[in-house]
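One structure is given below, encoded as structure tokens.
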Amino acid sequence: MNNMERETFVCALLLLVLSSFEEELGPELPFLYQSICISKILNVQD
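Position 41 of the sequence shown, counting from 1, maps to 41 under my numbering, and the rest follow consecutively.
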């Protein structure tokens with residue numbers, strides 16, 4: 001697993017954890033993180 005794959009995996013894992021806490025945290029935080037995450041993954045693949 002290279003660095004890019006590890007980052008993507010950690011990203012997805014954190015996103016999963018955040019979405020399970022979405023009710024406590026409110027939808028804004030997971031949504032914000034998801035946006036950052038997706039743009040990061042897209043940037044890495046270019």
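Just so you know, even glycine gets a beta-carbon here, dropped at the ideal spot from N, CA and C. Note that the structure is predicted; figures quoted are calculated from it, not measured.
> Excluding the five sequence neighbours on either side, which residues of its own chain have a C-beta within less than 8 Å of the C-beta of Leu-15, listed in chain order?
Replying inline: Residue numbering aside, residue 15 sits at position 15 when the sequence shown is read from its first letter. So the list reads Pro-30, Tyr-33, Gln-34, Cys-37, once near-sequence residues are dropped.
>> Considering just the uninterrupted stretch of the alpha helix (DSSP H) at Phe-9, what are its terminal residues?
In response: By one-based count along the sequence shown, residue 9 stands at place 9. Its alpha helix (DSSP H) spans residues 3 to 20.
>> Using only the alpha-carbon positions, how far apart do Leu-18 and Asn-3 sit?
In response: Here the question's residue 18 lines up with position 18 in the sequence shown. Here the question's residue 3 lines up with position 3 in the sequence shown. Inter-residue distance for Leu-18 and Asn-3 is about 22 Å (C-alpha atoms, whole angstroms).
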